[in-house]
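Residue numbers 341 to 794, in my numbering, belong to the letters of the sequence shown in order.
Before any comments, here is the structure.
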Amino acid sequence: MKTILGIGAGYVGGPTMAMIAKKCPEYKVVVVDINPDRIKAWQSENLPIYEPGLKEVVQETLNKNLFFSTNLSEHIAQADIIFVSVNTPTKSFGKGAGKAADLQYWEKTAREIVRSSSSDKIIVEKSTVPVRTAHAMEYILNANSKGIVFDVLSNPEFLAEGTAIQDLEKPDRVLIGGQETARGQKAIAALKELYMHWVPKEKILTTNVWSSELSKLAANAFLAQRISSINSLTPFCETTGANIHEVSKAIGMDSRVGSKFLCPSVGFGGSCFKKDILNLVYLCNHYGLPEVANYWEQVVLMNEYQRKRFVQKMLDAMFNTVAGKKIAIFGFAFKANTGDTRESSAIYICQELAEEHAKVVISDPKALDNARLDLKDIESSLVFEIDPYKAAQGAHAIAILTEWDCYRTLDYKKIYESMEKPAFIFDGRNILDHNALFEIGFSVYPLGKTALVH
Ligand SMILES: NC(=O)c1ccc[n+]([C@@H]2O[C@H](COP(=O)([O-])OP(=O)(O)OC[C@H]3O[C@@H](n4cnc5c(N)ncnc54)[C@H](O)[C@@H]3O)[C@@H](O)[C@H]2O)c1
Numbered sequence: 341m342k343t344i345l346g347i348g349a350g351y352v353g354g355p356t357m358a359m360i361a362k363k364c365p366e367y368k369v370v371v372v373d374i375n376p377d378r379i380k381a382w383q384s385e386n387l388p389i390y391e392p393g394l395k396e397v398v399q400e401t402l403n404k405n406l407f408f409s410t411n412l413s414e415h416i417a418q419a420d421i422i423f424v425s426v427n428t429p430t431k432s433f434g435k436g437a438g439k440a441a442d443l444q445y446w447e448k449t450a451r452e453i454v455r456s457s458s459s460d461k462i463i464v465e466k467s468t469v470p471v472r473t474a475h476a477m478e479y480i481l482n483a484n485s486k487g488i489v490f491d492v493l494s495n496p497e498f499l500a501e502g503t504a505i506q507d508l509e510k511p512d513r514v515l516i517g518g519q520e521t522a523r524g525q526k527a528i529a530a531l532k533e534l535y536m537h538w539v540p541k542e543k544i545l546t547t548n549v550w551s552s553e554l555s556k557l558a559a560n561a562f563l564a565q566r567i568s569s570i571n572s573l574t575p576f577c578e579t580t581g582a583n584i585h586e587v588s589k590a591i592g593m594d595s596r597v598g599s600k601f602l603c604p605s606v607g608f609g610g611s612c613f614k615k616d617i618l619n620l621v622y623l624c625n626h627y628g629l630p631e632v633a634n635y636w637e638q639v640v641l642m643n644e645y646q647r648k649r650f651v652q653k654m655l656d657a658m659f660n661t662v663a664g665k666k667i668a669i670f671g672f673a674f675k676a677n678t679g680d681t682r683e684s685s686a687i688y689i690c691q692e693l694a695e696e697h698a699k700v701v702i703s704d705p706k707a708l709d710n711a712r713l714d715l716k717d718i719e720s721s722l723v724f725e726i727d728p729y730k731a732a733q734g735a736h737a738i739a740i741l742t743e744w745d746c747y748r749t750l751d752y753k754k755i756y757e758s759m760e761k762p763a764f765i766f767d768g769r770n771i772l773d774h775n776a777l778f779e780i781g782f783s784v785y786p787l788g789k790t791a792l793v794h
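Set out below in structure tokens:
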């Protein structure tokens with residue numbers, strides 16, 4: 341039985357390797373991580389991440405052909421193909437701090453691979469990395485004195501949290517970048533063979549390494565750009581009487597534009613968009629392209645503006661003060677169907693409200709543990725309450741920050757009756773029936789639509 345190893349058991353490594361185990365039963369798939377708690381959680385009933393459908397895939401394969409371990413060296417030695425999905429956060433120190441990718445986890449992994457290997461291997465770069473990282477890694481890996489040859493492929497992951505299992509099962513495309521040499525092509529063919537267990541051949545693109553690495557950064561930049569573009573029109577709509585949904589539909593029906601990712605929101609979050617755009621900005625500056633860097637940086641700046649604007653709107657509506665007022669936050673995860681809160685707009689909004697001395701009560705069906713960690717510095721001014729009805733009791737306002745389905749169907753009449761008056765709703769995702777809420781008695785502040793104020 342051939343062995344495939346995944347290094348890094350996070351949001352990408354865990355689900356991706358579990359899907360490979362499910363689709364390729366003749367391979368033994370092992371996932372290793374330096375974090376023993378994460379590994380223990382993957383082996384338990386309580387997986388370390390929430391993702392619809394993930395539990396079923398793990399249950400089907402765990403201890404059959406899917407194994408989790410902290411023993412990196414043993415499993416590196418046994419593996420033929422190694423997928424590296426370790427984190428590549430924004431660098432917080434030294435040159436490039438705040439923009440460049442921090443590749444220390446990647447480089448440590450590469451050195452561990454060299455130390456523990458005694459045969460040739462294919463190394464698959466799954467993490468999102470700066471363009472030309474595979475080249476640097478190949479250099480480090482092949483500088484070994486054991487005569488072992490490593491082929492590094494770029495195979496960026498395009499899954500979206502919340503729909504990861506669906507995305508892995510039926511990807512829009514799988515991208516594999518490799519060297520244009522005979523060895524490189526052979527490595528590409530081996531990885532392609534693996535994906536062809538379940539992905540149609542025509543959806544597997546092969547390119548050179550640099551195109552593959554750049555495509556991942558660019559894809560995230562394009563997606564985030566759509567969000568910032570539609571969000572940039574929301575204040576315009578609010579002051580002119582245009583309706584952002586009508587505008588978004590009219591734009592999206594143009595087949596050249598397409599309708600997806602044109603929903604107004606309180607700003608994008610997640611661990612990737614901001615970090616990958618800033619990385620692109622850093623690379624553009626590095627290659628002497630400041631105009632291109634400024635163009636992409638604006639996508640992040642617009643996102644920050646949208647978050648600030650949301651808090652300002654709350655203050656303006658609530659007579660310029662929220663001090664001492666209870667505010668219920670519905671949703672803390674950066675999007676629905678995940679417990680992930682990394683870079684969630686809710687973090688910024690709750691911090692700002694706490695700074696204004698509001699009594700913030702945070703509710704979320706899956707993200708409260710992460711919310712507690714994110715906001716541990718201001719814990720004393722917060723309450724965490726999973727039940728939205730209790731969270732809203734006695735509140736002056738509700739702010740919807742995540743588009744969880746459960747918030748669409750609450751009994752808002754009952755909620756209204758339990759709140760202080762005047763009662764405000766700030767819908768940061770535009771998921772509620774604003775006219776119905778207004779009828780109940782709420783003053784309603786949607787995004788990109790005229791507010792309904794009593
Ligand atoms: N989260 C997403 O939606 C997503 C989507 C596509 C691509 N990516 C990219 O995939 C990569 C991983 O993202 P993630 O969200 O899974 O991160 P994560 O932080 O959830 O997981 C990374 C894991 O790697 C482990 N790790 C770090 N150094 C290690 C080492 N030397 N040896 C073994 N394990 C080590 C960490 O302990 C952690 O569990 C990033 O580059 C990210 O940009 C993420």
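Ideal placement from N, C-alpha and C gives every residue a C-beta, glycine not left out.
Expressed to the nearest angstrom, what Euclidean distance is found between the alpha-carbon atoms of residue i and residue j?
i, j, result
"Ser425", "Val352", "6 Å"
"Gln506", "Phe498", "12 Å"
"Phe537", "Lys363", "At residue 537 the sequence reads His, which differs from the Phe that was named. Cα to Cα, His537 sits roughly 6 Å from Lys363."
"Gly768", "Thr742", "8 Å"
"Ser611", "Ala522", "36 Å"
"Tyr627", "Leu515", "25 Å"
"Leu772", "Leu792", "13 Å"
"Val701", "Ser572", "29 Å"
"Ser703", "Ala417", "46 Å"
"Glu452", "Phe672", "37 Å"
"Glu447", "Asp717", "32 Å"
"Ala419", "Lys342", "7 Å"
"Ser384", "Glu400", "13 Å"
"Val597", "Phe562", "12 Å"
"Met477", "Ser720", "45 Å"
"Asn386", "Ala504", "18 Å"
"Gly581", "Arg647", "21 Å"
In its own chain, which residues sit with a C-beta less than 6 Å from the C-beta of residue i, not counting the 5 before and 5 after it?
i, result
"Asn441", "The amino acid occupying residue 441 in the given sequence is Ala; Asn does not appear at that position. Result list for Ala441: Thr428, Pro470 and Asn619, in chain order."
"Met357", "Gly346, Val369 and Val371"
"Ala686", "Phe672 and Leu741"
"Ser494", "Glu465, Ala474, Gly517, Val549, Ser552 and Glu553"
What residues in its chain sit with their C-beta under 7 Å from that of residue i, if we drop five residues either side in the sequence?
i, result
"Cys746", "Pro705"
"Glu631", "none"
"Asp373", "Gly348, Ala349, Ile379 and Thr410"
"Ala500", "Asp507"
"Leu602", "Arg566, Ile570, Ser588, Ile591 and Gly592"
"Asn405", "Ala361, Pro365, Tyr367, Lys368 and Val369"
"Ser845", "Because the chain spans 341 through 794 in this model, residue 845 falls outside it and cannot be assessed."
"Glu683", "Gly609, Gly610, Ser611, Lys614 and Phe674"
"Thr574", "Ile584, Pro604, Leu787 and Gly788"
"Glu760", "Gly734, Ala735 and His736"
"Ala711", "Phe672, Thr681, Ile702, Asp704 and Phe724"
"Asn484", "Val454"
Beta-carbon of residue i versus every beta-carbon of chain C: anything under 9 Å?
i, result
"Phe408", "The chain inventory of the structure shown lacks chain C, comprising one protein chain alone."
Quick check on this structure: which residue in the options has the alpha carbon closest to the alpha carbon of residue i?
i, options, result
"Arg649", "Ala686, Thr678, Val606 and Gly436", "Val606"
"Asn482", "Gln733, Ser467 and Lys461", "Lys461"
"Ala737", "Phe674, Ile718 and Lys653", "Lys653"
"Asn660", "Ser684, Ala676, Arg596 and Ala698", "Ala698"
"Ile463", "Ser384, Thr681, Asp491 and Tyr729", "Asp491"
"Leu693", "Thr449, Val662 and Ser684", "Val662"
"Glu779", "Tyr445, Ser494, Gly788 and Phe764", "Phe764"
"Asn335", "Tyr752, Leu412, Tyr645 and Arg472", "The question about residue 335 has no answer, for the chain in this structure spans 341 to 794."
"Glu578", "Met359, Pro355, Lys789 and Gly354", "Lys789"
"Ser413", "Ala582, Pro355, Tyr535 and Thr449", "Thr449"
"Ile344", "Pro355, Pro376 and Ile422", "Ile422"
"Trp636", "Gln646, Cys624 and Tyr688", "Cys624"
"Arg513", "Gly524, Pro540, Asn403 and Ala776", "Pro540"
"Lys556", "Val397, Arg647 and Pro496", "Pro496"
Grab me the residues of residue i's own chain with a C-beta within less than 8 Å of its C-beta, minus the 5 sequence neighbours each way, in chain order.
i, result
"Leu708", "Phe672, Ile702, Phe724 and Ile726"
"Phe766", "Phe650, Lys653, Met654, Ala657, Ala737, Ile738, Ala739, Ile740 and Tyr785"
"Gly502", "Glu391, Pro392, Lys675, Ala676, Asn677 and Thr678"
"Glu509", "Met359 and Trp538"
"Lys543", "Pro511, Asp512, Arg513 and Val514"
(request) Could you tell me whether the stretch 751 to 758 touches the stretch 614 to 633, using the rule of 3 or more Cβ pairs below 8 Å? (result) No: the two stretches stay apart, fewer than three of their Cβ pairs being nearer than 8 Å.
(request) Please list the segments of the beta strand (DSSP E) lying wholly inside the stretch 674 to 738, counting only runs of 3 or more residues, in order along the chain. (result) Complete beta strand (DSSP E) runs here, min 3: 699 to 703 and 722 to 724.
(message) Check whether the stretch 637 to 644 and the stretch 579 to 593 touch, using three or more Cβ-Cβ pairs below 8 Å as the test.
(response) Contact between the stretch 637 to 644 and the stretch 579 to 593 is absent, because fewer than three Cβ pairs lie under 8 Å.
(request) Check whether the stretch 381 to 394 touches the stretch 676 to 687, counting contact only when three or more Cβ pairs, one atom from each stretch, lie closer than 8 Å. (result) Yes, the stretch 381 to 394 touches the stretch 676 to 687.
(request) Tell me the start and end of each unbroken beta strand (DSSP E) in the stretch 379 to 455 that is at least 3 residues and wholly inside, in chain order. (result) For the stretch 379 to 455, whole beta strand (DSSP E) runs of length 3 or above, ordered along the chain, are 406 to 409 and 421 to 424.
(request) State whether the stretch 661 to 672 contacts the stretch 724 to 734, with contact taken as three or more CB pairs (one from each stretch) at a distance under 8 Å. (result) Yes, the stretch 661 to 672 touches the stretch 724 to 734.
(message) To test your reading of the DSSP string, which unbroken beta strand (DSSP E) runs of 3 or more residues are found completely within the stretch 476 to 549?
(response) Residue ranges of uninterrupted beta strand (DSSP E) with 3 or more members, entirely inside the stretch 476 to 549 and ordered along the chain, are 490 to 494, 514 to 518 and 544 to 548.
(message) Could you tell me which whole alpha helix (DSSP H) segments of length 4 or greater appear in the stretch 602 to 656?
(response) Those alpha helix (DSSP H) runs which fall completely within the stretch 602 to 656 and span 4+ residues are 613 to 626.
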